[in-house]
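Encoded as structure tokens, the structure appears first; notes follow it.
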């Protein structure tokens, strides 16, 4: 059994006063480019965020488009009427709505700065900037700082320019949530400014998928977590979003873990922009047309491969799935124990004063991983084996088909619809992969975190004291209750 004491050092970064009267403010932004590119899903994500924060009694403002809700649907999109406050808007056929209220347009960086100034943030107040809409790839191919966020009317702001604008607010804790394409550039701001942390559904070199024609899968889980958890943090809400976001598999990140990759020159900071490839395709899932990412070159995003490889080997061993899997779980937990102790050394090296009591409400993602593995591990194994059996069946049928038609003339193949049969099996392969990725998404997230623990051990050995302090600052910002 893992004792709770193991986590006390890990979360020592939560040293902020419990009696603080600091407030959390929200600024929700939908840049949109233009009406034809501004889809209903962006409005739906903003509406959910507005209702959740308003219900919690938070200060919340919306800036969007030219100051009005100008939108255009894509595919079979529908406008949401999600409400927690009882305030519903009639949604006309043309998609023009009046709620939630828009404070100003989102045409220039000036509009963002003006709204931050209007919030009159006190020292230690928190500001969550939620950004939806569109983003652009790095204009000069030099990296995250030159990828950009789209504003209304075709203008855009690079993350570097936004970083300069946020320098005006050094005393406030700013947390950026980006769901836009190439939004990982927001992590550039977190590295540059000492009072900013961030989360993005995609790195700076790839587009981002909403995952739904109606609302971002990540955003829905993100806001629902804040709604249901009084002590929700940027980190806890984001991790809930990542666990469900199967259309951006293992592409999203928090600024702290992205910073570890940056310092260690791990992917994607180990190569030039031109070497970063990404692709995607439209698929019909549950009757909806969804854009799915495929893995960028040399970036392992496939769901559960490490686990699947290990579990499949067990089929040749003389033990039951429960007995065999118990060994895997114990091995993982032993690994976590060792590496958490290493991570604790980072915290202990930085802080000389220890706090006597730790807020019980705060749990680390690593603690959540352990709990989930202990509770659902055997179930993940069963899911993996189920999909492996289906895969093996398809593989046998595919091989038989290839053998049958190997030496046939094209005219014979056409006569017996050989190509249609092959295409049908290909679709089964594609659908099976998508379904398995969706069902094993939470497990994949767990092992992504284990991978970060490996990196953190290396980080502890290679990072200098200033880099370690920066890492803890990002953790502190990400885990502070909203």
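In this note's numbering, the protein residues as written are 49 to 530. For each residue, glycine too, the CB sits at the ideal point set by N, CA and C. No experiment lies behind these values; they were computed from the predicted model shown.
#1: Note the first and the last residue of the continuous beta strand (DSSP E) segment covering residue 461.
#2: Taking the alpha-carbon of residue 154 as reference, which of 136, 179, 236 and 476 has the nearest alpha-carbon?
#3: Does the Cβ-Cβ distance between residue 297 and residue 251 come in under 7 Å?
#4: Given a cut-off of 7 Å on the beta-carbon distance, is the pair residue 235 and residue 293 in contact?
#5: Mapping the DSSP letters down to three states, classify residue 114 as helix, strand or coil.
#6: Determine the direct distance from the alpha carbon of residue 518 to that of residue 524, and round the result to whole angstroms.
#7: Tell me which same chain residues have a C-beta within less than 8 Å of the C-beta of residue 368, skipping the five on either side of it?
#8: If the criterion is Cβ atoms closer than 7 Å, does the pair residue 493 and residue 291 meet it?
#9: Is residue 504 near residue 304, with beta carbons less than 7 Å apart?
#10: What do you reckon, are the CB atoms on residue 168 and residue 118 nearer than 7 Å?
#11: Got a sec: does the ligand ZN put a non-hydrogen atom nearer than 6 Å to the Cβ of residue 169?
#12: What residues in its chain sit with their C-beta under 6 Å from that of residue 529, if we drop five residues either side in the sequence?
#13: Residue 302 bridges to which residues according to DSSP?
#14: Between 467, 438 and 230, which has its C-alpha nearest residue 450's C-alpha?
#15: Exposed or buried, what is residue 74 when buried is set at 16 or more other beta-carbons lying within 10 Å of its beta-carbon?
#16: Can you tell me the Cα-Cα spacing of residue 424 and residue 458, whole angstroms?
#17: CB-CB under 7 Å to residue 434, same chain, minus the five flanking residues each way: which ones, in chain order?
#18: Report the start-end ranges of each beta strand (DSSP E) in the segment 264 to 325 that is 3 residues or longer and not cut off at the edges.
#19: I'd like to confirm the pairing. Which residues does DSSP put opposite residue 473 in its beta bridges?
#20: Given a threshold of 16 other Cβ atoms within 10 Å of its Cβ, counted over all protein chains shown, does residue 526 qualify as buried or as exposed?
#21: I'd like the span of the beta strand (DSSP E) that includes residue 224, first residue to last.
#22: Pair every Cβ in the segment 160 to 175 with every Cβ in the segment 83 to 92, then say whether three or more of these pairs are closer than 8 Å.
#23: Where does residue 449 sit, in a helix, a strand or coil, going by DSSP?
#24: Just checking, does the segment 202 to 214 make contact with the segment 93 to 111 on the three C-beta pairs under 8 Å criterion?
Put simply:
#1: Per DSSP, residue 461 belongs to no beta strand (DSSP E); it is in the alpha helix (DSSP H), 458 to 463.
#2: Answer by Cα proximity: 179.
#3: No, the Cβ-Cβ distance between residue 297 and residue 251 is not below 7 Å.
#4: No, they are not a contact pair.
#5: In the structure shown, residue 114 sits in coil (DSSP, three-state: anything other than H, G, I, E or B).
#6: Taking the straight line from one Cα to the other gives about 10 Å.
#7: Since pLDDT at residue 368 reaches only 45, below the 50 mark, its modelled position is unreliable, and the value read off the structure follows with that caveat. Excluding residues within five positions, none has a Cβ falling inside 8 Å.
#8: Yes, the pair counts as a contact, with Cβ atoms nearer than the cut-off.
#9: Not a contact, by the Cβ cut-off of 7 Å.
#10: Taking the C-beta atoms as reference points, residue 118 is found no nearer than 7 Å to residue 168.
#11: The model on display carries no ligand, and the ligand ZN is accordingly not part of it.
#12: A distance below 6 Å between beta-carbons, with the five flanking residues on each side excluded, links residue 529 to the following residues of its chain, in chain order: 279 and 281.
#13: 247, per the DSSP bridge assignment.
#14: Checked all of 467, 438 and 230; the closest Cα to residue 450 is 467.
#15: Residue 74 comes out buried.
#16: Here the alpha carbon of residue 424 sits roughly 50 Å from the alpha carbon of residue 458.
#17: Closer than 7 Å at Cβ, skipping near neighbours: no residue.
#18: Whole beta strand (DSSP E) segments, 3+ residues: zero.
#19: According to DSSP, residue 473 bridges with nothing at all.
#20: In summary, residue 526 is buried, with 16 or more beta-carbon neighbours lying within 10 Å of its beta-carbon over all protein chains present.
#21: Annotation for residue 224: the continuous beta strand (DSSP E) segment containing it runs 221 to 226.
#22: The segment 160 to 175 vs the segment 83 to 92: no contact.
#23: Helix, per DSSP.
#24: The segment 93 to 111 and the segment 202 to 214 do not touch, with fewer than three beta-carbon pairs separated by less than 8 Å.
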